[in-house]
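At position 45 of the sequence shown (counting the first as 1) the number is 63 in this note's numbering, and the numbers step up by one without a gap. A quick write-up on the structure given underneath.
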Amino acid sequence: MTAATPERVSFNAPNETRTFELGRVDLVDIGGSQIGRLTLQPGWRWSEHVKPLAGTELCEAPHFQFHAAGTIGIRMADGTEIIAHPGDVTALPHGHDAWVVGNEPVVLIDWWGASNYAKGPDDGA
Numbered sequence: 019m020t021a022a023t024p025e026r027v028s029f030n031a032p033n034e035t036r037t038f039e040l041g042r043v044d045l046v047d048i049g050g051s052q053i054g055r056l057t058l059q060p061g062w063r064w065s066e067h068v069k070p071l072a073g074t075e076l077c078e079a080p081h082f083q084f085h086a087a088g089t090i091g092i093r094m095a096d097g098t099e100i101i102a103h104p105g106d107v108t109a110l111p112h113g114h115d116a117w118v119v120g121n122e123p124v125v126l127i128d129w130w131g132a133s134n135y136a137k138g139p140d141d142g143a
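Next up, the structure:
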């Protein structure tokens with residue numbers, strides 16, 4: 019954290035929003051960092067809905083996330099799978115697929131990796 023004075027920002031007024039099929043990421047700038055809130059609708063899957071934007075086989079953004087709502091499945095390149103529920107915190111290295119489990123939207127707060135999420139190769143990702 020590089021802030022010399024207290025700061026407050028709101029995901030209700032993000033600095034940037036990126037939308038993609040069945041999802042969005044809202045980004046806020048605070049303390050010299052960028053934090054993201056990902057909202058993913060039922061039926062969303064990274065390999066179907068973000069892969070065309072990213073241009074990679076798997077998500078290459080590492081993540082450090084708090085799972086606020088919904089359930090998400092994650093499969094790493096080596097086949098390891100985890101299911102994350104509300105209240106969980108996950109640290110994911112690059113090289114994974116993910117999908118919404120069930121009929122409830124997933125909401126994630128991402129401190130690490132959100133700034134590059136849903137950016138194409140020509141966007142500096």
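Glycine included, each C-beta is placed from N, C-alpha and C at the ideal position.
Going along the chain, which residues of its own chain have a beta-carbon closer than 7 Å to the beta-carbon of residue i, five neighbours each way excluded?
i: Gly142; result: With a pLDDT of only 45 at Gly142, under the threshold of 50, the placement of this residue in the model should not be trusted; the figure read from the coordinates follows. Nothing meets the Cβ criterion.
Are residue i and residue j closer than 8 Å when you measure CB to CB?
i: Val118; j: Val125; result: no
i: Gln83; j: Asp128; result: yes
i: Leu110; j: Ile92; result: yes
i: Glu25; j: Ile53; result: no
Answer with yes or no whether the minimum CB distance from residue i to chain D is below 8 Å.
i: Leu126; result: Judged by its chain identifiers, the structure shown contains no chain D, having just a single protein chain.
Leaving out the 5 sequence neighbours to the left and right, which residues in its chain are closer than 6 Å to residue i when beta-carbon positions are compared?
i: His112; result: Glu78, Pro80
On the premise that residue j lies in contact with residue i, defined as a C-beta separation below 8 Å, what is that separation, rounded to the nearest angstrom?
i: Leu132; j: Pro104; result: Checking the sequence, you will find Ala at residue 132 rather than Leu. Rounded, the Cβ-Cβ distance is 18 Å, inconsistent with contact.
i: His67; j: Phe38; result: 6 Å
i: Gly120; j: Pro60; result: 7 Å
Tell me which same chain residues have a C-beta within less than 8 Å of the C-beta of residue i, skipping the five on either side of it?
i: Asp115; result: Arg63, Trp64, Ser65, Leu76, Cys77, Ile92, Arg93
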